[in-house]
Structure formats: C-alpha cells, structure tokens
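See structure below.
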DNA sequence: AATAATTCTAACTTTTTGGTAAGTACCTGA
DNA sequence: TCAGGTACTTACCAAAAAGTTAGAATTATT
C-alpha cells in the first residue's frame, strides 16, 4: 500500500501556458488578433472595430505584435498613408486559441437578450 | 462594380473575446486553471506547482475564481486545515482554451535545448 | 489659406496589478 | 513549552499597464 503520488508538472520557465501568455496576455492583444483574423486590416479599420481602445494602445500593441512576429505590417508610400496589418504564419497559429475563447464566451457568458 | 464592403463585427460589450478575457485575463488565472485541470488540488499543492506565485496572488485568484463560479472550494474542518479546489462545470469548459494555449506554446515557443 | 484624412509619436497622469513581509489560528509531536 | 505544518489575511509599497491630451507629417480639397 503505497502513498498516492501526484504527478504535477510545475509551472516554471518551461511552462507552455506561461510562454504563450507572455505573447498574448495584454488587455487588447487577443482582441486585435481576433479582429485581424484571416483578413487584412488597416490601422483605421482596427480602430473602428475596437471602439474602446485608445490610439496609443492600438499602435503600441501592433508594434509589439510585429516585433513578436505575430503580425506583418505593410506600409504603402501614399498620401494619406495606408498601412495594412495581417497575421503571419505564426500569428495564424494562435487563431485556434481565439476560436476557443470565442466559443466559451458565446456559449456561457454572452446574454442573448 | 460596387465598392468592396468589409464585414466587421466591432468589439463592443457583446464581444465574446472581451467577455471571456474578463474572467480569464489575470496574470495567473489560466495557469491556475491549467494546474487544477481535471484533478483536485490543495492550496499547498498549487503553491508548489506554481513556484513563482506569491501567496497573496494565489488566494486572491482562487477567491476570484470561486466567485466567478469557475472553481469550487471545499474546506475540511480539520487541523491542520485542508482545502481542496477543483474546476466547476463551467470551469471545465475553459480547458479547451488552455489546451490550445499549451499546444501553441509547446510547438512554437518552448526551446527544446 | 484653412481643413480634412490617415497613421502615428511623445509627455504626462492615473489606475491597476503585483510583491513583500509580517501576522493569525489551531493542533500535533518533540 | 516551543517549533512545525496548513491555509490564509492585512497593510504597505513598487512596478507595470493603460488612459489623456496634444501634436506632427503630407497632400488633396474647398
């Protein structure tokens, strides 16, 4: 009769949850990824799609996403300027996460009033 | 020849991503859910499983999770105290999210050195 | 000449979040 | 009688995140 042993994988620096959240945890990060989705989105379109975000947070997050290689940025040398954002291959791989988030929210949290 | 119309669903108060993040967005929230998983975990076990969390944050998050009905708490009237946490039905429904988070982290972020 | 459109940038402040350290309660065993 | 184990609680402080406001660049339009 041996003591029941519990297999715990401690959440240290190799914790995949921690690693993913390191990229995605910002207040607006996943909402921006959700909005870009499989499309191309201009800066202004994103702003309208997420009405409550401030301009500062929007570009700050976009820059961070570009730096982390989740989002690709293409600026056209036009006046007025046109800048397009789309998900990179890596960014596209986060979509399943967002999908589950959407599913959970729709089925359990959103009031259908 | 009509202008290409873009169907954007603005992220307002009905945004499912926003709603889900409202419950799950804390720095430690998903890691705690990840650690509880389908098991029962005592307070001390969680502490050991997430070595870098402070006691304050751990109970604070656990209380919040209980309040939001994602986690169930059972305290035994023993000395020394024993308190068990497990996911509620609602909490279990967040596991697919965590799973995708784990998958993304493992496949793209964790260095296998 | 002034205005509008678009994509930012920068300085400053406020709010939120997280960390530290200490303490509480209760019984057991040395 | 005194440390040890367990699950917290509280008060205080620091750091991180986010919000506000203003402005800059460039060209077309009025």
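Residue numbers (the working numbering), protein chains in the order written: chain P, 128 to 240; chain D, 128 to 240.
Beta carbons are placed, not taken as given, at the ideal position from N, Cα and C, and that holds for glycine.
Between residue i and residue j, is the Cβ-Cβ spacing less than 8 Å?
{"i": "residue 147 (chain D)", "j": "residue 171 (chain P)", "result": "no"}
{"i": "residue 150 (chain D)", "j": "residue 190 (chain D)", "result": "no"}
{"i": "residue 169 (chain P)", "j": "residue 210 (chain P)", "result": "yes"}
{"i": "residue 223 (chain D)", "j": "residue 227 (chain P)", "result": "yes"}
{"i": "residue 152 (chain P)", "j": "residue 154 (chain D)", "result": "yes"}
{"i": "residue 182 (chain P)", "j": "residue 159 (chain P)", "result": "no"}
{"i": "residue 180 (chain D)", "j": "residue 212 (chain D)", "result": "no"}
{"i": "residue 186 (chain D)", "j": "residue 143 (chain P)", "result": "no"}
{"i": "residue 192 (chain P)", "j": "residue 235 (chain D)", "result": "no"}
Cβ closer than 8 Å: which chain P residues qualify as neighbours of residue i?
{"i": "residue 147 (chain D)", "result": "228, 229, 231, 232 and 236"}
{"i": "residue 201 (chain D)", "result": "Under the 8 Å cutoff, chain P gives no residues; its nearest Cβ is about 17 Å from residue 201 (chain D)."}
{"i": "residue 207 (chain D)", "result": "Those within 8 Å of residue 207 (chain D) in chain P number zero; the least Cβ separation is about 18 Å."}
{"i": "residue 183 (chain D)", "result": "Neighbours of residue 183 (chain D) on chain P: none; closest Cβ ~17 Å, over 8 Å."}
{"i": "residue 144 (chain D)", "result": "157, 158, 161, 225, 228, 229 and 232"}
{"i": "residue 154 (chain D)", "result": "148 and 152"}
{"i": "residue 217 (chain D)", "result": "235"}
Count the other C-beta atoms from every protein chain shown that fall within 10 angstroms of the C-beta of residue i, then say buried if there are 16 or more, exposed otherwise.
{"i": "residue 128 (chain P)", "result": "A caution first: residue 128 (chain P) carries a pLDDT of 46, below 50, which makes its placement in the model unreliable, though a value can still be read off. So residue 128 (chain P) ends up on the exposed side."}
{"i": "residue 206 (chain P)", "result": "exposed"}
{"i": "residue 229 (chain P)", "result": "buried"}
{"i": "residue 208 (chain D)", "result": "exposed"}
{"i": "residue 137 (chain P)", "result": "exposed"}
{"i": "residue 130 (chain D)", "result": "Annotation note: pLDDT 49 at residue 130 (chain D) (below 50); position unreliable, coordinate value reported separately. Its Cβ having fewer than 16 others within 10 Å, residue 130 (chain D) is exposed."}
{"i": "residue 202 (chain D)", "result": "exposed"}
{"i": "residue 178 (chain P)", "result": "exposed"}
Can you tell me which of the three DSSP states residue i falls into?
{"i": "residue 187 (chain P)", "result": "helix"}
{"i": "residue 228 (chain D)", "result": "helix"}
{"i": "residue 128 (chain P)", "result": "Confidence at residue 128 (chain P) is low in this model, with a pLDDT of 46, below 50, so its placement is unreliable and no value can be given for it."}
{"i": "residue 205 (chain D)", "result": "coil"}
{"i": "residue 236 (chain D)", "result": "coil"}
{"i": "residue 214 (chain P)", "result": "strand"}
{"i": "residue 137 (chain P)", "result": "coil"}
At a CB-CB cut-off below 8 Å, which residues of chain D make contact with residue i?
{"i": "residue 191 (chain P)", "result": "In chain order: nothing, as chain D lies at least about 15 Å away."}
Residues of chain D with CB closer than 7 Å to the CB of residue i, please, in chain order.
{"i": "residue 221 (chain P)", "result": "231"}
Can you pull the chain P residues whose beta carbon is under 9 Å from the beta carbon of residue i, in chain order?
{"i": "residue 178 (chain D)", "result": "137, 138 and 139"}
{"i": "residue 175 (chain D)", "result": "135 and 137"}
- Item | Those runs of the beta strand (DSSP E) which lie wholly inside the region 143-202 of chain P and span at least 3 residues | none
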